[in-house]
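Below you'll find the structure, written out as structure tokens, and then a few comments.
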Amino acid sequence: MKIRPKHLNEGDTVGVIALSNPFDMKILESQLKIFTDMGLRYKLGQTIGRQRGYLAGSDEERVRDFHQMIEDPEVKAIFCVSDGYGAARIADKIDYPLLEEHPKIFWGFSDITFLHIAIQQYADVVTFHGPSLTTIADDRSKKMLYQLFAPYEIYYDESLSQLEGIVPGAVRAEIIGGNLSRIVDTLGTKFEIDVRGKILLLEEDRLGIEELDRMLNQLRLAGKLKEASGFAIGSFGDGDMLPLFKEYLWPYKKPAVVGFHIGHSTPNIGIPLGVEAILDADEKVLRLLPGVE
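Numbering (the numbering used here), first residue to last: 887 to 1179.
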């Protein structure tokens, strides 16, 4: 069992940092109200408002910002303000034992997937796959932040989005994964995703079918499709992708469901990673245990 960070309480302070691309400060200023509306205080990291080329600061600046938030006793959760590219550049510079010693809520998605995978492997801490602060645009996505205030299960069915079970069956296992491109980026590195006996979450943004084919084939050749115990798949924004998913996943006879609004979608439903989940392709349901204690 992975370490679950402690839940938030009203009046707590959360840290806001940029580990990938820079962002529009005007958008951030309006989005910070999300925290104050929930009774939270916030502390901005040194990477906020900083830019070095296409990154929100140098590798050293970004990893230092992350470490300072981990060490700060006032900060109870760490939110990534943006995504895009660059998080993987700091993966080998993070002090994972430090995070394991001071487990905190860590929230982000897309490019941050690389760090979710790294943290779960080297710090053994539950993390949260949810919209970056500058991309939270609807009420349902905002409401998912309340899972951080008390331990409760998440129940995802067709009341949230249309789902399709493309391979039948049900499985109970730990859920990991996130953005497909960043999952593929881990292959061949010390952070290569370990999917053995786990439910693999796959999501992506504006992906062409040739690109999807290439990345699914790469996962197949790396043995990841064979090793996983099930597949929870995002909407991918195009029904034409379904036949390709069926082609790649059907031979393994592992439960697979497509259509979750988790990741690059509206709403973007935040979920914990590294917790036990039940994926039922026949009932078209995903249930997840709490990510906080």
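Backbone N, C-alpha and C define an ideal beta-carbon position, used for all residues, glycine too.
Taking the beta carbon of I1022 as the centre, do at least 16 other beta carbons fall within 10 Å, making it buried, or is it exposed?
Residue 1022 sits at position 136 when you count from the first residue of the sequence shown. With 16 or more other Cβ atoms within 10 Å, it is buried.
For E1179, which three-state DSSP category applies?
Numbered from its first residue, the sequence shown carries residue 1179 at position 293. Coil at E1179, not helix or strand.
Counting along the chain, where does the beta strand (DSSP E) carrying I991 start and finish?
Position 105 of the sequence shown, counted from the start, is the residue given in the question as residue 991. Annotation: the continuous beta strand (DSSP E) that includes I991 extends over I991 to G994.
Secondary structure of D997, DSSP reduced to three states
If you number the sequence shown from 1, residue 997 lands on position 111. Residue state, collapsed to three classes: helix.
Do the region 1068-1076 and the region 930-940 make contact, defined as three or more Cβ pairs closer than 8 Å?
Contact between the region 1068-1076 and the region 930-940 is absent, with fewer than three C-beta pairs closer than 8 Å.
So, V1011 versus P1137, is the Cβ gap smaller than 8 Å?
Stepping through the sequence shown from its first residue, residue 1011 is reached at position 125. Stepping through the sequence shown from its first residue, residue 1137 is reached at position 251. No, these two residues do not count as a Cβ contact at 8 Å.
Out of L941, L894, I889 and Y928, point me to the one whose CA is closest to D910's CA.
Looking up residue 910 in the sequence shown gives position 24. When only C-alpha atoms are compared, the closest one is L941.
Can you list, in chain order, the residues of its chain with a C-beta nearer than 6 Å to that of L1086? Leave out the 5 residues immediately preceding and following it.
Within the sequence shown, numbered from 1, the residue matching residue 1086 stands at position 200. Residues G1063, A1114 and F1117 of the same chain have their beta carbon placed closer than 6 Å to that of L1086, with the five preceding and five following residues left out of the count.
Complete runs of the beta strand (DSSP E) confined to the region 1112-1146 [at least 3 residues]:
Considered as a whole, the region 1112-1146 harbours 1116-1120 and 1142-1146 as its complete beta strand (DSSP E) runs of no fewer than 3 residues, in chain order.
Using alpha carbons as the reference points, say which of A1059, K962 and Q1007 lies closest to F992.
In the sequence shown, residue 992 corresponds to position 106, counting from 1. Relative to the Cα of F992, the nearest Cα in the group A1059, K962 and Q1007 belongs to K962.
Are the beta-carbon atoms belonging to D951 and D969 less than 8 Å from one another?
Position 65 of the sequence shown holds residue 951. Position 83 of the sequence shown holds residue 969. Contact annotation: D951 and D969 have beta-carbon atoms that are not nearer than 8 Å.
From the DSSP output, in three-state form, read off K1028 for me.
Counting from one through the sequence shown, the residue named residue 1028 turns up at place 142. In the three-state DSSP reduction, K1028 falls in the helix class (H, G or I).
Once you ignore the five residues that flank A1108 on each side, which residues in its own chain have a CB closer than 7 Å to its CB?
In the sequence shown, the residue the question calls residue 1108 occupies position 222. Hits under 7 Å: L1073.
Would you say I964 and I903 are within 8 Å of each other, going by their C-beta atoms?
For the purposes of this step, residue 964 is taken as residue 78 along the sequence shown, with counting starting at 1. For the purposes of this step, residue 903 is taken as residue 17 along the sequence shown, with counting starting at 1. With respect to I903, I964 sits close: the two C-beta atoms are nearer than 8 Å.
Per the DSSP calculation, N1065 is bridged to which residue(s)?
Counting from 1 along the sequence shown, the entry for residue 1065 is found at position 179. Among the bridge pairs identified by DSSP, N1065 is matched with E1089.
So P1158 is in the beta strand (DSSP E); what residue range does that whole segment cover?
Walking along the sequence shown from the start, residue 1158 turns up at place 272. Per DSSP, P1158 is one residue of the beta strand (DSSP E) stretching across I1157 to L1159.
Please classify F952: does DSSP put it in a helix, a strand, or coil?
By 1-based counting over the sequence shown, the position of residue 952 is 66. Looking at F952 - three-state DSSP - the assignment turns out to be helix.
On a CA-only basis, which of F1146, I976 and I1155 is nearest D1166? Give me that one, please.
Here residue 1166 refers to the residue found at position 280 when the sequence shown is read from its first residue. Minimum Cα-Cα distance from D1166 among the listed residues F1146, I976 and I1155 corresponds to F1146.
Say the cut is 7 Å; is the CB of R1058 nearer than that to a heavy atom of the ligand FMN?
Among the ligands in the structure shown, none appear at all, so the ligand FMN cannot be discussed.
Can you tell me whether K1140 is buried or exposed, with buried defined as 16 or more other CB within 10 angstroms of its CB?
Counting from one through the sequence shown, the residue named residue 1140 turns up at place 254. It counts as buried.
According to the Cβ coordinates, are L1105 and M1127 closer than 8 Å?
For this step, residue 1105 is matched to residue 219 along the sequence shown. For this step, residue 1127 is matched to residue 241 along the sequence shown. Their beta carbons are not under 8 Å apart, which means L1105 does not touch M1127 by this criterion.
Just to confirm before moving on: does the CB-CB distance between I1157 and I1040 stay below 8 Å?
Counting from 1 along the sequence shown, the entry for residue 1157 is found at position 271. Counting from 1 along the sequence shown, the entry for residue 1040 is found at position 154. Taking 8 Å as the Cβ cut-off, I1157 and I1040 qualify as a contacting pair.
Whole-angstrom distance between G901 and P959, CA atom to CA atom:
The residue given as residue 959 occupies position 73 in the sequence shown. The residue given as residue 901 occupies position 15 in the sequence shown. Their backbone Cα atoms lie some 11 Å apart in a straight line.
Cα separation between T1013 and V1178?
Taking the sequence shown and counting its residues from 1, one reaches residue 1013 at position 127. Taking the sequence shown and counting its residues from 1, one reaches residue 1178 at position 292. Straight-line spacing of the CA atoms in T1013 and V1178 works out to 9 Å.
Reduced DSSP category for I921 - H, G, I as helix; E, B as strand; rest coil:
Numbered from its first residue, the sequence shown carries residue 921 at position 35. Residue 921 is actually Phe in this sequence, not Ile. The answer is helix: DSSP assigns F921 an H, G or I state.
Tell me whether V1070 sits in a helix, a strand or coil according to DSSP, three-state version.
On the sequence shown, position 184 is the one that residue 1070 refers to. Note: V1070 maps to helix in three-state DSSP.
Excluding five sequence neighbours on each side, which residues of the same chain lie with their C-beta closer than 8 Å to the C-beta of T1152?
Within the sequence shown, numbered from 1, the residue matching residue 1152 stands at position 266. Cβ neighbours of T1152 beyond the five flanking positions: A1023, D1024 and S1027.
Report the three-state DSSP secondary structure of T899 (helix, strand or coil).
Residue numbering aside, residue 899 sits at position 13 when the sequence shown is read from its first letter. Three-state DSSP puts T899 in a strand.
Under 8 Å between C-beta atoms of D945 and K979:
As a first step, residue 945 is located in the sequence shown; it is residue number 59 there, counting from the start. As a first step, residue 979 is located in the sequence shown; it is residue number 93 there, counting from the start. Yes, they are a contact pair.
Could you give the distance in angstroms between the alpha-carbon of G943 and the alpha-carbon of R936?
Looking up residue 943 in the sequence shown gives position 57. Looking up residue 936 in the sequence shown gives position 50. When rounded, the distance between both Cα atoms is 6 Å.
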